[in-house]
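Protein chains in written order, with my numbering: chain A, 41 to 290; chain B, 42 to 219; chain C, 277 to 629. Even glycine gets a Cβ: it sits at the ideal position worked out from N, Cα and C.
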Amino acid sequence: MAVVFQKPKSLTDAELHYCPGCTHGIIHRLVAEAIDTLGIEGKTIGVAPVGCAVMAYNYFACDMVEAAHGRAPAVATGIKRSLPENVVFTYQGDGDLASIGMAETVHAATRNENITVIFVNNAIYGMTGGQMAPTSLPGQVTQTSPYGRDVKVAGYPVKICELLAGLDGPAYLERVAVNNVKNVKNAKRAIEKAFRNQIEGKGFSLIEVVSSCPTNWGMTPEKALQWVEEKMIPYYPLGVYKDKTEEVAK
Amino acid sequence: MTTQILIAGFGGQGVLFAGKVLSYKALMEGKELSWLPSYGPEMRGGTANCSVIVSDDPVGSPIVSKPDVLIAMNLPSLDKYEDAVNPGGIILVESTLIERKVKRSDVNVFYVPATRLANEMGAPTLANMVMVGKLIAECDALTHDNLEDALHKVVSAKHADLFEINLKAINTGYNYKA
Amino acid sequence: MAEKVLMKGNEAIAEAAIRAGCRHYFGYPITPQTELAAYMAKRMPKINGVFLQAESEIAAINMVYGVSGTGKRVMTSSSSPGISLKQEGISYIAGSDLPCLIVNVQRGGPGLGGIQPSQSDYFQATKGGGHGDYHLIVLTPDSVQEMADLTALAFDLSDKYRVPAMLLADGTLGQMMEPVALPEEHVNRVEKPWAVTGTEGKRKHNIINSLYLVPEQLEEKNLERYRRYKAIEENEARFESYMMDDAEYCIVAFGIAARVSKNAVVALRKEGIKAGLIRPITIWPFPKKVIAEAAEKVKAFVSVELSMGQMIEDVKLAEDCKKPVVLCNRVGGMIPTPDQVIETVKKIAGGNA
């Protein structure tokens with residue numbers, strides 16, 4: 041009997057702990073599929089963040105390192121500098137990458153570290169129960185912005201792709217989403233490209249995945265995906281923000 | 042025998058470098074030694090000093106608080122350290138810049154117009170080496186033998202062209218008689 | 277023996293680390309340890325090694341964490357305020373049972389403090405520093421020669437026990453030059469089957485981690501780690517005894533304070549006062565046994581420190597209140613003079629001398 045659908049080899053059999061309707065599962069799968077497609081599981085080392093994906097080390101079948109909050113790009117830098125022939129990726133959320141780890145993010149990018157960064161932007165701190173994230177939208181109600189994010193008090197959301205695109209360093213920056221089939225397919229292509237860039241020595245690639253958090257947004261999974269389409273994507277437009285991969289190849 | 046040397050002056054007078062020359066000389070003579078600079082912002086224009094201890098035995102504390110030999114490259118240094126010198130010790134005074142005389146009578150004092158002598162050689166920055174030469178002449182801790190070997194260790198290959206002038210400056214100080 | 281060369285303490289650490297097989301260095305500039313980073317910046321590219329000036333001390337220690345996870349020898353260095361910043365990463369490294377070398381060339385504190393020598397990070401180095409139950413193996417050189425020798429030893433011990441090691445020096449030792457016979461090239465290759473190097477499809481994935489959400493598991497992790505700490509305490513405490521055979525007054529001092537104290541011991545002996553020195557070479561594990569033995573023989577202890585009295589607590593614990601322990605100290609970047617130590621001992625000796 042022909043197998044037409046199966047779990048990627050690069051995921052373990054461990055049961056995911058994510059909430060119902062959470063898109064981390066999809067993004068894990070896309071990362072694992074990219075690793076499978078490129079046949080790099082045996083030489084890939086992943087770095088897990090602090091945040092909802094803290095236990096990603098149990099889910100990816102490759103070697104894994106758990107980093108302190110925000111430090112994944114620095115940890116990945118160490119691993120990649122030690123083992124340049126291996127493939128190193130980080131998997132980080134918005135609090136981890138865009139708040140406490142902003143310095144590590146910006147500097148890994150400006151050094152053009154040859155690593156792959158998967159940035160899950162769901163505009164909220166999920167693991168700690170729904171506090172305001174650096175990417176929470178203006179007016180967004182969270183546990184720590186109960187009257188909505190007031191930009192006069194809390195400032196504006198951080199647009200990571202736009203911000204990093206101002207640097208000369210990074211090779212590839214793209215923002216994708218996983219709220220519908222079309223976007224998931226596009227995200228799959230982008231993530232695979234980000235890994236391929238590394239294999240080809242092209243440098244720092246970051247894929248920002250606009251994602252949802254039904255639990256902490258207080259929505260049904262379906263409503264949450266709709267909110268991604270109507271609120272998140274207009275503020276965080278999808279697309280390629282920087283692509284030096286062709287010029288590097290020259 | 043243990044000899045504690047304190048070299049003090051302005052940043053930029055080559056105080057630390059003078060200490061290095063003495064240290065390598067001691068190393069080549071098979072002596073124990075330590076070299077300790079003052080460090081920090083003082084390097085850039087303030088006062089700088091350098092402790093060098095030369096000994097037949099392992100050196101204890103590398104900090105020279107009671108020098109046997111003081112090289113005072115400027116007036117503030119002489120003011121600050123004159124009283125600390127051990128009785129019977131040596132004070133070498135850079136007499137182009139320091140106009141006053143040493144007040145103490147229980148130490149051996151040598152006035153060396155090192156800056157003037159260096160200027161006359163066409164090497165105004167080598168007053169420090171003139172003082173090093175005079176120290177070697179007057180202090181029993183180190184000898185003049187094989188001075189070139191020690192100097193080769195300190196003057197890097199990059200600055201090899203400056204070797205002869207440094208050697209000349211040391212010998213000028215070594216042979217200087219007031 | 278190798279020919280002696282003149283080197284600064286900071287440079288001797290760097291060269292000794294390279295000779296111990298360390299090819300990865302991550303740091304951030306801070307006085308008074310910068311020569312170490314500068315030396316690495318010069319040497320590493322020439323020996324196919326990695327020198328990287330990180331964006332912060334925090335990033336640097338996390339880069340160390342990354343390399344250590346891959347099983348290679350790696351180090352960072354800093355001075356007191358920078359070491360405070362590294363504490364988060366150090367706790368993670370300890371909690372993940374990874375080896376590495378952290379060098380602290382101490383300066384006066386707290387806060388930004390000053391840039392002159394100090395030993396006031398003793399508590400931080402020996403009692404934890406970061407969060408959680410853990411220890412570092414802490415070695416305290418007192419000469420440029422030991423800066424080199426203990427660097428090599430630190431890598432070996434760290435690999436052997438999977439416990440991060442710290443070399444705790446101070447501004448004086450970092451800045452001073454002395455003749456040093458550099459250690460031979462040596463790489464103590466300990467098998468590291470736990471390292472993340474890629475599974476190559478041949479084994480189950482390795483995970484470098486300090487997170488254990490099941491309390492029973494985390495407790496067992498801690499207990500296992502403390503069994504290793506016990507072995508370290510039994511086997512690795514190091515010290516130097518100086519004129520202790522007939523000593524009536526025992527000075528305890530490490531690092532630069534020990535050098536000052538040696539001068540004081542010699543001077544006191546000339547005056548007929550039987551002083552001696554126990555110099556801890558490791559302060560964790562603290563050489564408790566030799567202090568306890570001395571407590572049976574001497575009249576009193578003097579703890580000489582460049583702090584407000586931190587090591588003195590360990591001295592008191594080790595000698596178990598059998599004899600008086602007196603503090604002789606300077607702080608803020610000041611260093612006790614031999615005269616200060618001599619006066620302290622004389623005062624205790626009183627008419628008994």
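Between residue i and residue j, what straight-line distance do the alpha-carbon atoms span, to the nearest angstrom?
{"i": "K72 of chain B", "j": "S96 of chain B", "result": "6 Å"}
{"i": "K322 of chain C", "j": "R299 of chain C", "result": "11 Å"}
{"i": "G256 of chain A", "j": "G342 of chain C", "result": "According to the sequence shown, residue 256 of chain A is Asn rather than Gly. Their backbone Cα atoms lie some 32 Å apart in a straight line."}
{"i": "A213 of chain B", "j": "G174 of chain B", "result": "It should be pointed out that residue 213 of chain B corresponds to Thr in this sequence rather than to Ala. For T213 of chain B and G174 of chain B, the distance between alpha carbons rounds to 7 Å."}
{"i": "P561 of chain C", "j": "I413 of chain C", "result": "7 Å"}
{"i": "G630 of chain C", "j": "K144 of chain B", "result": "Not covered by the structure: residue 630 of chain C. The range shown for chain C is 277 to 629."}
{"i": "I588 of chain C", "j": "V601 of chain C", "result": "7 Å"}
{"i": "D53 of chain A", "j": "D190 of chain A", "result": "43 Å"}
{"i": "K546 of chain C", "j": "R319 of chain C", "result": "47 Å"}
{"i": "E509 of chain C", "j": "V466 of chain C", "result": "20 Å"}
{"i": "Y58 of chain A", "j": "G170 of chain A", "result": "14 Å"}
{"i": "K573 of chain C", "j": "V463 of chain C", "result": "42 Å"}
{"i": "P459 of chain C", "j": "R295 of chain C", "result": "7 Å"}
{"i": "S176 of chain A", "j": "Y131 of chain A", "result": "19 Å"}
{"i": "V105 of chain A", "j": "G61 of chain A", "result": "26 Å"}
{"i": "G390 of chain C", "j": "L582 of chain C", "result": "13 Å"}
{"i": "E240 of chain A", "j": "L78 of chain A", "result": "12 Å"}
{"i": "E140 of chain B", "j": "M610 of chain C", "result": "32 Å"}
Mapping DSSP to helix, strand and coil, what is residue i?
{"i": "E509 of chain C", "result": "helix"}
{"i": "I611 of chain C", "result": "coil"}
{"i": "Y217 of chain B", "result": "coil"}
{"i": "A89 of chain B", "result": "strand"}
{"i": "E539 of chain C", "result": "Going by the sequence as given, residue 539 of chain C is Asn instead of Glu. Looking at N539 of chain C - three-state DSSP - the assignment turns out to be helix."}
{"i": "T166 of chain B", "result": "helix"}
{"i": "L282 of chain C", "result": "strand"}
{"i": "G345 of chain C", "result": "helix"}
{"i": "V115 of chain A", "result": "helix"}
{"i": "Q266 of chain A", "result": "helix"}
{"i": "D147 of chain B", "result": "coil"}
{"i": "E140 of chain B", "result": "coil"}
Suppose the cutoff is 8 Å on Cβ atoms and the five residues either side in sequence are ignored; what does the same chain contact list for residue i look like?
{"i": "L208 of chain B", "result": "L188, E189, L192"}
{"i": "T346 of chain C", "result": "A471, V472, T473"}
{"i": "T613 of chain C", "result": "V536"}
Excluding the five sequence neighbours on either side, which residues of its own chain have a C-beta within less than 7 Å of the C-beta of residue i, listed in chain order?
{"i": "I273 of chain A", "result": "A217, V250"}
{"i": "I231 of chain A", "result": "L70, V71, A74, I158, I247"}
Got a sec? Which residues, its chain only, sit under 6 Å from residue i by beta carbon, not counting five neighbours each side?
{"i": "R504 of chain C", "result": "Y437"}
{"i": "M84 of chain B", "result": "Confidence is the limiting factor: at M84 of chain B the pLDDT is only 49, short of 50, which leaves the residue's position unreliable and the question unanswerable from this model."}
{"i": "V541 of chain C", "result": "M519, A551, L553"}
{"i": "F327 of chain C", "result": "Y301, M316, A317, M320"}
{"i": "M167 of chain A", "result": "G91, C92"}
{"i": "L499 of chain C", "result": "none"}
For residue i, is the classification buried or exposed, using 16 other Cβ atoms within 10 angstroms of its Cβ as the cut-off for buried?
{"i": "N279 of chain C", "result": "The amino acid at residue 279 of chain C is misidentified as Asn; the sequence shows Glu. Looking at its Cβ environment, which holds fewer than 16 other Cβ atoms inside 10 Å, E279 of chain C is exposed."}
{"i": "D590 of chain C", "result": "buried"}
{"i": "E364 of chain C", "result": "buried"}
{"i": "L553 of chain C", "result": "buried"}
{"i": "M227 of chain B", "result": "This structure gives no information on residue 227 of chain B, because the portion of chain B shown stretches from 42 to 219."}
{"i": "Y196 of chain A", "result": "exposed"}
{"i": "R236 of chain A", "result": "buried"}
Report yes or no: is there a C-beta of chain A within less than 8 Å of the C-beta of residue i?
{"i": "N485 of chain C", "result": "yes"}
{"i": "T352 of chain C", "result": "no"}
{"i": "H407 of chain C", "result": "no"}
{"i": "Y341 of chain C", "result": "yes"}
{"i": "K348 of chain C", "result": "yes"}
{"i": "E572 of chain C", "result": "no"}
Strictly under 8 Å for the Cβ-Cβ distance: is residue i near chain C by that measure?
{"i": "L204 of chain A", "result": "no"}
{"i": "R85 of chain A", "result": "Looking at the sequence shown, residue 85 of chain A is not Arg but Ile. Chain C contact via Cβ: present."}
{"i": "M142 of chain A", "result": "no"}
{"i": "G130 of chain B", "result": "no"}
{"i": "A108 of chain A", "result": "yes"}
{"i": "N154 of chain A", "result": "no"}
Please decide whether residue i counts as near chain E, where near means a Cβ-Cβ distance under 8 Å.
{"i": "D53 of chain A", "result": "Checking the listed chains, one finds no chain E in this structure; the protein chains it contains are A, B and C."}
With a threshold of 8 Å between beta carbons, is residue i in contact with chain B?
{"i": "P556 of chain C", "result": "no"}
{"i": "Q616 of chain C", "result": "no"}
{"i": "I527 of chain C", "result": "no"}
Could you tell me whether any non-hydrogen atom of the ligand PLP is closer than 7 Å to the CB of residue i?
{"i": "G91 of chain A", "result": "Looking for the ligand PLP in the displayed structure turns up nothing, as the structure carries no ligands at all."}
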